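Reviewing the structure listed below.
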Ligand code: SF4
């Protein structure tokens, strides 16, 4: 099967009230954080009308891109979801 088909089969369990990715409060996002709006493969990042970058972590594929891209600026708080939550990859 194509990777898109496999991705479609992944189930996602939202750990309500415990988002594993948070954007720290800021007035102006760095270029790195801003780039996540286009870089995140799951489209979790968006820019608000007031110019801040927001994240909605449901649907996150846990690819780690946002963690790597913002590791120097520290604007994103990234934790692995608790066991049983987050993306459940289906193998085979
Ligand atoms: Fe998007 Fe990947 Fe970050 Fe999840 S880990 S929010 S999929 S960039």
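In this note's numbering, the protein residues as written are 5 to 96. In this text, a Cβ means the ideal position worked out from N, Cα and C, and glycines have one as well. Treat the numbers as computed from the prediction; the structure is a model and nothing was measured.
#### Entry: Beta-ladder partner(s) of residue 51, from DSSP
For the purposes of this step, residue 51 is taken as residue 47 along the chain shown, with counting starting at 1. The partner list for residue 51 (beta bridge, DSSP) reads 57.
### Query
Between the C-alpha atoms of residue 34 and residue 92, what's the straight-line distance to the nearest angstrom?
The residue given as residue 34 occupies position 30 in the chain shown. The residue given as residue 92 occupies position 88 in the chain shown. Inter-residue distance for residue 34 and residue 92 is about 31 Å (C-alpha atoms, whole angstroms).
### Task
Indicate, with yes or no, if the ligand SF4 has a heavy atom lying under 7 Å from the CB of residue 53.
In the chain shown, counting from the first residue as 1, residue 53 sits at position 49. Closer than 7 Å to some heavy atom of the ligand SF4: that does not describe the Cβ of residue 53.
### Task
Put residue 92 into one of helix, strand or coil per three-state DSSP.
For the purposes of this step, residue 92 is taken as the residue at position 88 of the chain shown. Residue state, collapsed to three classes: strand.
#### Entry: CA-to-CA distance, residue 63 to residue 78, given in whole angstroms
Position 74 of the chain shown, counted from the start, is the residue given in the question as residue 78. Position 59 of the chain shown, counted from the start, is the residue given in the question as residue 63. One C-alpha to the other measures close to 22 Å.
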